[in-house]
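Notes for the one structure printed next.
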Amino acid sequence: MYVKSLTLKGFKSFASATSMKLEPGITCIVGPNGSGKSNVVDALAWVMGEQGAKSLRGGKMEDVIFAGTPARPPLGRAEVTLTIDNSDGALPIDYTEVTISRTMFKGGGSEYAINGTSCRLLDIQELLSDSGIGREMHVIVGQGQLDAVLRATPEERRGFIEEAAGVLKHRKRKERALRKLDAMEANLARVTDLTTEIRRQLGPLGRQAETARKAATIQADVRDARLRLLADDLAQLTSNLEQEVADETALLERQKSVEQSLAAAKARLDQLEAESAQAAPALTKAQEQWFALSSLRERIEATASLAAERVRLLSEDDQHEESRSGRGPEQLQQQAAKVRDEHDALQQQIAQAKVALQRATERRADLEQAHQAEQQRLIRLARAAADRREGLAKLEGQVAARRSRTEARESELGRLTASMAEVAERSTRAEKEFAALEATIAQDEAGEEDLDAAYEQAQGALDEVKEAFETAREEERTADRDRTGHQARLEALELSLRRKDGAAHLLGVEGSSGLRGSVSELVSVEAGHEAAIAAALGWAADAVVAESFDQAASAVDTLRTDDAGRAGLLFGGARPEPVDGWPGLPSGARWAREVVGAPQDVTPTVEALLDRVALVDSVETAKTVVALADRITAVTPDGDVYAAGFVRGGSAGAPSLLEIQSAVDEARDKVEEATRRKEEAQFTAQQARTKAVELSEAVDAALERLNESDARMSAVAEQLSQLGQVIRGAKAERERLQTQHAEAEQQLEAGRTELEDLGQRLAAALEEPSEEEPTTDERDRLAAEAAAARSAETEERLGLRTREERANSLADRAKSLEAAARSEIEARERARARRERRARDARVAQAVQNGAGHAVTVVSQLLEVATGRRAEADRIKGELDRALKEERARVATVGDELRELTDTVHRDEVARAQQRLRIETLQTKAVEEHGIDPEVLVEEFGPHQLIPHVPGPDDDPDNLPEPIAFVREVQEKRLRSAERKLSQLGRVNPLALEEFAALEERHKFLTEQLEDLKNSKQDLLDIVAEVDKRVEEAFTSAFEDTAREFEGVFSRLFPGGDGRITLTDPNNMLATGIEVEARPPGKKIKRLSLLSGGERSLVAVALLVAIFKARPSPFYIMDEVEAALDDANLGRLITLFEELRDSSQLIVITHQKRTMEIADALYGVSMRGDGVTTVVSQRIKDVLPGGGVEVETMHSVTEGKSVEDSGITALSSMS
């Protein structure tokens, strides 16, 4: 086995398709640096499955594709094809020639193929590993790899030997087996857990299955007993109905006879009533005349009595009027005139008193003024006398001092006045500037208020919009949550509507025509009545609506043909009972028809199903409604049905299709409503967002204008502050000057007063030099006269007040007397008119009394005649009434008998109707609850049939009791016993049998699988143990051979030296590493790190060659491994190459001529100016005698090129 050819296309620098035909032996590839020699090695490693981009001297795998040059465009893919001669069968494949190809695309994908057939990378690696060429690629010794061999860890060095020995593939297979074993452990644990869980469930489920088996037997017993009791009820009701129909004829004949008798009695009664009606007007007229005359006589008598009484009363009033006495109006007028005269005299006295009071007041004022003047005179005289005693000299000095001080104060007052004028001028100027600025700031403040208002308005609008946006977003989220919740509920409810019975089969059959849908979809029910309507409709609530009778019959045939179960079908054509004859319902009840809506053609059928069905709010109302009339059925909101003779109800089970459909419609409406609210909220939020952006811009603009106005007002405020300080300073100074000025004026005025006083005192002192004291007699006299004047004034004032009060009293008395005189005159006039009227009335009353007496006599005579006529009419009327009473009694008796017969007939009809209804109910029950035809029920389970024993799970089928005759009490006892046993079993899982069988089968399957997994695990462990044994044997053998070969190779490369390889853990051959010990001749070191570069290379070559010789591979590729060796060591290495030539093919990249000399073929690699590598080859055996070389033109080497060379010298010169 050897590499036969290598073709590169688009791989690195090989842009054009380049083929290299290789032969056994040593092939050297030579060429200048950078020409692409190492790319050949990379191509070999790459096509054999190398996955590391760094191993290929690249950053990523796509770098192997030709990247292009200035003269050549880049390519889209790289392809390398390796052809291996397999004539010796080294590769485990039935081909003498194996072609391996690998293609890399620009997108990063790779394709692999063996002999043109696509395969996996793993297939190529497995194929090559059987020949000692593993994934680690120890057969390729690249540049710098020699030193890596020595730097490798002991475990990595072990990998070289394992790969050469073919052990690595077993180790990889072992790793895969262990991974599978780990996965199997997880599966094993899972299966064990499942088996344990199922085993734990089998016990309770087994008990449930046993209970279900017992329940099935008991239920069969219950069904048989119920069917036989039902058949007995049906047979008895049918027999009773036939007997009652036979008894109905005689009762109807008797009813007809009584009806004829009643008709004759009614005819006689009508005749008597007609005669009584004819006699009634005469009696009525006589009675009316008698009552009229009686009433007239009573009224006339009353009038006469009233007239007599009036005459008496009028005469008594006249006498009383004449006896009345009192003061006359003339006397009252005289008294009033006298009081007026006294009042006028008193007014004159008041005027005189006012004059006297005025004179007294003037005198008192004059005397008080004279007394005051005298008092002042005496004070001046007393002061002058004192001044004279102090001395005129002192007084004159004081006058001079006061005059000098007054002049000084006048000068100071002038100065203060000037300063005040200056301060006032300065303050006025500042105030004018302040006022001008205030006017400016007033305008700015007005604008500021507008700006504030605009900003606040814009900000308020923005806040409102933001709040509206948040509200809309919250509404949107709320609506979305509601829509999600309602949508989930709608989906769950729609899943509940998916039925699996016969109706669902009919609705799901493709191409079915004439079926309009289910009743729950087509019938609408008012909210809150779904359960009641479903209970009232019964089987019809889950039925399917068909278009006609034929379509319904066809649907039933379809169900029978497809064995799809049973279904109810409704179609038009029913004739419901009119509501007119139904009784009125009490409060809390309404007819079921009122809450149900359906398509027009189906409505009669639905109404017929709901004939006389009432919806009630309680059991008490149901009892009242059922008692109103027969055939009325009452249904409560919980779905309990009450009727005459039966009640159906209990705890709520699964909701009906009507309820589910109503819930679906409600959920769908809520979903639509939530969707609508969400869309509205989104639209509102979008509008609010847009408006918020606009308002934000308006707020920013208003805020900017407001800031500008604030800055402008701040500057004006600063100027106003400065002017205010000036004004306040001027004001404070002006106030200070004013205070000083006022004080100066006060002091000046006081000085002037003192000066004037001193001057007067000086003048008085100079004019009156006498030293005598003034007398007080005049003052005392004036004081006494003033006091007397004050007393006189007080007396005059009191007298005036007394006279004024008396005058007011006299004026009031005069007015009272004059009013009393006028009243008396008016009363006398009224009394005179009243006396005249009474006299006239007395005369009229006397005339009436006389006329009434005569009228009473006439009316009494007429009343006697009317009394006789009335008595005759009463007698005739009495005789007719007695005859009518007797005839009415006779009619009532016959009518009662007829009503009794009619009620009996009606009760019999109602009883028969109830019996028919009970028969229909029992027939319906037989069909719906038991699934058996009524005729078949009576025929097979009737009382005439013997009852076989129902076998139980523990009964012996060959030893069953004999059938027995039907006895109702025995069957009822049997039913009660079976129902009691069934209730004692508790809740029964009807699916327990199937579930237990399925679970038991699954447990058996998992148990078998668990056993298989355990066996597989053991098999894998056996395989792993066997692989470990083989790996250990192969590695031990390979290591021993390699160690032996290494000692020989090392001694040849290092004559006189000592080298060997050892195991790091000889006791564990599966995990031990390999250490290399090398001691060159003349040295005592063993550490590899202390060797020179050449020595390290030779040691690495020695190790690799030892491996190559111990376990040869078909071929080896070496990339400039001898570059660091001198001639002597190169010669030794060449000798080893020649030894390896016999067992393996060597492909050597070299620059050494001595290496080229041992080659069997040379390939020259060069790179042209366009950056593309080209190749030329030469066989050494084709060298001509005398040193000439026969040049072989290789058109197949590089497409479209030919290269000629003059021999090995020319090829070697390329290096």
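Anchor point for the sequence shown: position 1130 equals 1754 in this note's numbering, and the numbering is continuous, going up by one each time. For every residue, glycine included, the Cβ atom is placed at its ideal position computed from N, Cα and C. Remember, predicted model here, so these are calculated numbers, not experimental data.
The region 1492 to 1509 makes no contact with the region 862 to 875, as fewer than three CB pairs between them are under 8 Å. Under the three-state reduction of DSSP output, D857 falls in the helix class. Around the CB of V1560, fewer than 16 other CB atoms lie within 10 Å, so the residue is classed as exposed.
Straight-line spacing of the CA atoms in E1373 and R1425 works out to 50 Å. As computed with DSSP, R1199 is found in no beta bridge at all.
In terms of Cα proximity to M625, the closest of S640, L646, K636 is L646. Residue burial is scored here from C-beta neighbours: G1502 has fewer than 16 other C-beta atoms within 10 angstroms and is therefore classed as exposed. Of the candidates A677, F1663, A874, A874 places its Cα closest to the Cα of T1526. For L826 and V1612, the gap between their C-alpha atoms comes out near 16 Å. If you look at F1173, you'll find it in the alpha helix (DSSP H) that goes 1173 to 1186.
By a beta-carbon distance limit of 8 Å, V1259 contacts L1239. Their separation comes to about 6 Å.
In terms of Cβ geometry, V1219 and H1129 do not form a close pair [threshold 7 Å].
The beta carbon of L1599 sits closer than 6 Å to the beta carbons of A849 from its chain, once the five residues preceding and following it are set aside; these are given in chain order.
By DSSP's assignment, E1367 forms no beta bridge with any residue.
At the C-beta level, P1704 and F1670 stay beyond 7 Å of one another. The beta-carbon distance between P1585 and L1570, rounded to whole angstroms, is 11 Å. This is too long to meet the 8 Å contact definition. Per the C-alpha coordinates, the member of R744, T723, G655, R823 positioned closest to K1628 is R823.
Non-local beta-carbon contacts of R1217 in its own chain, meaning distances under 7 Å to residues more than five positions away in sequence, involve E1231, L1234 in chain order. Secondary structure of Y1740 (DSSP, three-state): strand. For K1777, the enclosing alpha helix (DSSP H) stretches over residues 1777 to 1781. Cβ-Cβ distances below 8 Å link A1054 to L1347, V1350, I1351, A1354 in the same chain, with the five nearest sequence neighbours on each side left out; the list follows chain order.
Here the alpha carbons of T1797 and S640 stand approximately 8 Å from one another. Note that the C-beta distance between A1298 and H1110 is below 7 Å. A distance below 7 Å separates the beta carbons of I748 and Y736.
For the set T1548, L1193, V1482, E1036, the Cα lying nearest the Cα of A1366 is the one of E1036. Here DSSP, grouped into helix, strand and coil, assigns F1678 to coil. The secondary-structure analysis by DSSP pairs G1697 with nothing; it has no beta-bridge partner. Within the model, the alpha-carbon separation for Q1175 versus L1146 is close to 17 Å. Taking one beta carbon from each stretch, the region 1298 to 1315 and the region 1094 to 1107 have 3 or more pairs nearer than 8 Å; the two touch. Judged by beta-carbon spacing, L917 lies within the 7 Å limit of L1487, meaning their Cβ atoms are closer than that value.
If you draw a straight line from the Cα of L1161 to the Cα of V1265, it is about 11 Å long. Contact fails between the region 900 to 916 and the region 1433 to 1444, because fewer than three Cβ pairs, one in each stretch, are under 8 Å apart.
Around the beta-carbon of Y719, fewer than 16 other beta-carbon atoms lie within 10 Å, marking it exposed.
The DSSP-derived three-state label of F1590 is coil. R681 sits in coil when the DSSP states are folded into three classes, being neither helix nor strand.
Residue state for M1337 is assigned as helix, using DSSP reduced to three classes.
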